[in-house]
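When we follow the UniProt record's numbering, the leftmost residue of the sequence shown carries the number 1, and every step to the right adds one. Ideal placement from N, C-alpha and C gives every residue a C-beta, glycine not left out. Contents: one structure, followed by commentary.
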Amino acid sequence: MIKNSLPGKYEGFGEPQYSGWAKESLYVEGFDKTRLAVDVVRPADEQGGAVTGRFPAIVLLSRGGRFGEPNEVNGVNIIRDCVPYGYVGVIAEMRGCGASFGVNDSFSSIENRKDVNTLLDWIGGQEWSDGQAVTYGGSNRGLIQYAAAVTRPAPSSVLKGITPVVSNPDFYYQDYPNGVSAIPKRKLSGSTDGGGKKTKEELLEKVAPVDGDKDGSQAYEAYEKDQFGNNRSFMGHLILENMCRDDNNPNFNGEKTNITIPPVTDIDVFRENRVGIHQFAGFLESGPFGQLMAAKEWGGSIVVGPWDHRQSRSGVSGFPEGNFDFCAEHRKWFDYLLKGIPNGFGERPPFIYYTLGAQEKKRWRCSDTWPVENARPATLYLCTETSGTCCSVNDGSLSLDRPATESSVSYKVDTSIQVFDNGDGASFDRMHMTWDGNMAPGVDEKGLTFTSAPLFERYDNEIVGCTSVDLWVACTHRDADFIAYLEEVLPDGQSRYISMGCLRASHRTSAPRRAWDESGAVYHPCMQADRDRCLEEGMNEPVHLQFAIEPIAYRFQKGSRVRITITCADTKSFQHPMYDEKDLPVISLYQGGEHPSFVRIPFIEREENVYNGTISKGEYNGPGTLYFFRDHMYVYYNGTWEKYESGAREALWEIREGKAYFGAGFAFEMEGLPQRNGILQDYQGGEKAVIPFPAKRHLVVDRVSVAPDSEKLYMPDVKTLCLEEFTWNTIKEGQKGAPCILYLHGYSRTPSELGVQQVEYLKRGYTVIGIDMRNYPSNPFPDYLHDIKGCTRYVRAHAAWLGIAGERLGASGQSLGGNAALLLAVTGSCPELEGTVGGNAGISSRIQAAVAGYGWTDLLSMGPDLLEEYMDASDAVKKQKYENTDGPTGPAAAVIGFQGKGKGLKALRSYREERESGEGRAEDGHMEQLLKLEYQASPINHIGPDTPPMALYSGVGMMRVDIANRQTYRTFERMGSYGVDCYMFCNTNGAYGVKPEIVEGVMTFLDRYLKNEPPVRKTVAVPQSLEIVEDGVDRRLSYPLVVKRDGCMYAACKYLEERFGAAVRTAAVIDGTQYAAAKELKGTGAGFRYYEDKNMAVLVPEDEIPEELPQKRG
């Protein structure tokens, strides 16, 4: 039987045991003998009678309506689904609701809490009960669950779990977010007196009597005696406009109902009792932040979908893949909690969420924490520079650079803003916080807008979590409401709503609250004393406002911009008592200097942490998925989940023949490529095993900054440099370390995406370590070289732990990775290019061999070389090749950060040529700096006698690669001019280095230089230096190997004798060391050659010195 327990699915864990259900209804006494109307729905046999036996109960607490007609309460479908599987459903109308006696004046009062727990105790004593119950239900039916679970001194022992749906246990925040009064205008459910007193007949059209009340007399008695004239709607009675958290409620005899009633006040009771909790929430209504905070503070798990308030109670959505099988999800939770069925519900990642705008099959994600681990909040400052994207009151910009000079913009509060009006009235409110219209006319143009440059289109540009808002403001009045909208500005200029947040300035006092602080939010207690103090302080001088925009998971479209719009009113969603239409406040919003206003947006950094493949454990051999997070590893296979602590024996593995064998007792063979960002997989198998599972994954070297750019927004603004280690067989402690190849990936690729060559390296006994780097754009040279070198130093510093031979390092890459391999190989003697990324100062970044596929080597020659190669191509192809190299926006120009109008490699080359020709071109300091940078960035300029041996491959006809074959040949020629071993494979017809004969040639090369002893003993030294390069490895002597004196070169006799067995005669004693004259070494067995342009001397066996070397050409 195929099993599936992924979120929203539940298959293969049993069939219905019973054919249907049988209902009975009765009155059950509450804590004070008040009679509550209750339906009990039990499993039925084929004749329709209730079966005998003891079953766990699932309890729905209602404010009106039970099972069946009339007025069936929302959520009964869960009972219909579950009862045939061996559950009893219990639906109870709370006091003052439906056919129940008593008065209803709130929905989670102390009386309600006691009633629920009395009902639970009653359930535990019934003949059909096994003594266990779980509650469920949405909105106010969710809040009652929280309330019941914190009943003092302890909740009923029958209660094993709660399932709040779209319900915030801190309903003060729900209705007064950061002090702003947000009482919904729509009529909400509840038993009130609307329409006058009903007749019995009218009542029974909506209210179902219990079985023993055949004519409905008792139901009408409950209505007439208790409910009529006494029941109160919680909106306007319990929840009043513009309340502080500690305000006295006149409708409750002065009780501080925002403190006494919200369950969050008594969370300590919940923590002391082992009650499970699983929540459902919707991003498109006002409650997800509170529920996510509840998941952090109360524990348990949560699913957050693309749902508004109503949709969150059914799992139905108009968004792609947004429908969610609530019945299956509830039954799975109940089975795990109440029956102990091993479906892994409690072992799966606790946070499941939907990303709006994401690609197909990549929308549902999971996380071990909230905020998600790979969120990288980016600070964007509100700036005065005009964005040119909106005709708003102030068309400002968002910038990564903090403005140095303080400025401010004035704004008169506009109370005409109504969010949102589609022409037929508002279609947006606190229960439906989504809109697909253009925000610009009705909101943006009436507010203060701040818009970013276009997001870089080659990145995913996803955000997950809260956006922090940090404003400095002044105001002509003592108080005002501030509303911040997070928006996406599409390439056509239309603005789309993403999320929003707000704060009443008089409630700006904050207090620590760990869950909020960790989530990028600021907790405002909203107490009277704090408010009064802020009102007394006023806002004549700048005051600091901090709040958060409600959480969202969202993916921007290609080429879109980010916009923040600030307004001070929305009369559709909020109440603003401080405003007088005849004297509206004027706001001053500060930017820069001592009062910078900014937002912090939680952009996601791509992280590969999901792996599909075949899992073998016991009798099971089939598809499965591994999910890795900082603290836990999750395994999904055979329809269930397993959870392991990171670092524990069960979560450790070793590689044998390309397969991973875990301490938990299963084997894993990876198939396909790694997936990212916790994307949930319903993997059914069938993909090829392309690369093995990493021997060690996600080894963090450093976190480095992404360079800002005025034309594009690169997000996130930091990059975590990680390594991925691959091996065919794990090298165990004590074994000889394997030679290692550093894999340098191509543009916008990752260290895990190995190619054909790299996989072959593994099979031939090499360890491959994928290393990461910042791309250009946005980070020009030398940032990416610093990254590569930092990763190389890390590898060498941790060689023993990685199981590698630290002095047998090679590098391999193609395209951008090919250039990176070249640059790493040729800069081993360039301390000025070492950088500090990753630390490990003093560790060498020199490698011993390199394989470079179509790596460019001479930046300013790229364009001419490519146009020469395509001289016979069509004009369209030539134009494309020009634009991609020499053109103003050519990617190659990004190497030195010289892209844009009037820029590009051709412009720089023309400047150099004009200066060299003596045509009178005036010297330009900026262009001269660029020429120096270009020289440093071009590998060909660093090739010297100390360069390690290389294998190069390239060719013509590679239309997808704008790097001419001539670039590779330039490297080959220059290597020869310094007597360095170099092999060039011309791989034509666009095969991109994967032809078997090319791969075999590369393998022969690597084996020759990394597996075996060096074919030639070679030492390179700089005169007067103690540092030498011996067989490609850095070494330090206690004396200079080579000295230069009076125009003559000398080599240390001791070294010549020990290294080459040379019989030399001492020609000079310098600082106590004996030296032989280089010109007298002939016939001694030691060969010597000095390269004056590099100031390097080469010592090799005498018979290895060629008579002549190829001439160096440009």
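Item	Value
Buried or exposed: where does Arg63 fall if 16 or more other Cβ atoms within 10 Å of its Cβ makes it buried?	buried
In or out: Glu15 buried (at least 16 other Cβ within 10 Å) or exposed?	exposed
According to DSSP, simplified to helix, strand and coil, what is Glu605?	coil
I'd like to know if Tyr683 contacts chain C, where contact means its C-beta is closer than 8 Å to some C-beta of that chain.	Chain labels in this structure do not include chain C; a single protein chain is all it has.
So, under 8 Å CB-CB, Glu406 and His595 are touching, yes? Tell me the CB distance rounded to an integer number of Å.	6 Å
Within 8 Å, do at least three Cβ pairs link the segment 727-742 to the segment 800-812?	yes
Per DSSP, Gln1074 is paired with what?	Val1069
If contact is defined by three or more beta carbon pairs under 8 Å, each pair taking one atom from either stretch, is the segment 512-525 in contact with the segment 428-435?	no
Considering only the alpha carbon of each residue, which of Ile1028, Val275, Glu241 and Asn251 lies closest to Ser844?	Ile1028
Residues in the same chain with beta-carbon distance under 7 Å from Glu1104, minus the five sequence neighbours each way, listed in chain order, please.	Val1016 and Gly1087
Which of helix, strand or coil does DSSP assign to Cys366?	strand
Between the Cα of Cys534 and the Cα atoms of Cys475, Gly520, Arg42 and Gly493, which residue gives the shortest distance?	Cys475
Looking at Gly900: is its Cβ nearer than 8 Å to the Cβ of Tyr882?	no
Would you call Met871 buried or exposed, if buried means 16 or more other Cβ atoms sit within 10 Å of its Cβ?	exposed
Go through the segment 931-960 residue by residue and report every complete run of the alpha helix (DSSP H) that reaches 4 residues or more, in order.	none
Can you look up Asp130 in the DSSP assignment and give me helix, strand or coil?	strand
In or out: Tyr18 buried (at least 16 other Cβ within 10 Å) or exposed?	buried
Got a sec? Which residues, its chain only, sit under 6 Å from Lys659 by beta carbon, not counting five neighbours each side?	Ala667 and Glu669
If contacts are defined as beta-carbon pairs under 8 Å, then Ile741 and Ala648 qualify, I think. What distance do you get, rounded to the angstrom?	Actually they are not in contact, since the Cβ atoms of Ile741 and Ala648 sit about 31 Å apart, beyond 8 Å.
Which class does Trp516 belong to by DSSP, given the choice of helix, strand or coil?	helix
How would you call His544, buried or exposed, if buried means at least 16 neighbouring beta carbons within 10 angstroms?	exposed
From Leu721, Leu1006 and Gln675, pick the residue whose C-alpha is nearest to that of Lys362; which is it?	Gln675
Looking only at its own chain, which residues have a Cβ that is under 6 Å from the Cβ of Gly1094, when we skip the five neighbours before and after it?	One point to set straight first is that residue 1094 is Lys, not Gly, in the sequence displayed. Here the set comprises Gly944.
When the distance is taken between beta carbons, is Glu329 closer than 8 Å to residue 1131?	The shown model of the chain, from 1 to 1114, leaves out residue 1131, and the question about it has no answer.
Between which two residues does the beta strand (DSSP E) holding Pro56 run?	Phe55 to Ser62
Specify, as a first and last residue, the run of the alpha helix (DSSP H) that residue 1190 falls within.	Past the boundaries of the shown model lies residue 1190; the chain is included only from 1 to 1114, so the question cannot be answered.
Where does Asn461 land, buried or exposed, given buried means 16+ other C-beta within 10 angstroms?	buried
How about the segment 568-578 and the segment 367-378: do they share at least three Cβ pairs that are nearer than 8 Å?	no
Which first and last residues belong to the beta strand (DSSP E) in which Ser217 is found?	Taken as a continuous stretch (DSSP letters only), Ser217 belongs to no beta strand (DSSP E), being part of the alpha helix (DSSP H) at Ser217 to Glu221.
To the nearest angstrom, how far is it from the Cα of Gln47 to the Cα of Ile91?	23 Å
Do the segment 89-108 and the segment 224-232 make contact, defined as three or more Cβ pairs closer than 8 Å?	yes
Does the structure place the segment 200-213 close enough to the segment 167-181 that three or more beta carbon pairs sit under 8 Å?	no
Count the CB pairs spanning the segment 687-702 and the segment 579-589 that are closer than 8 Å, and state whether there are at least three.	no
Give me the residue from Cys1053, Ser861 and Val210 with the minimum Cα distance to Arg966.	Ser861
Does DSSP put Met715 in a helix, a strand or coil?	coil
Would you check if the distance between the CB atom of Asn77 and the CB atom of Cys327 is smaller than 8 Å?	yes
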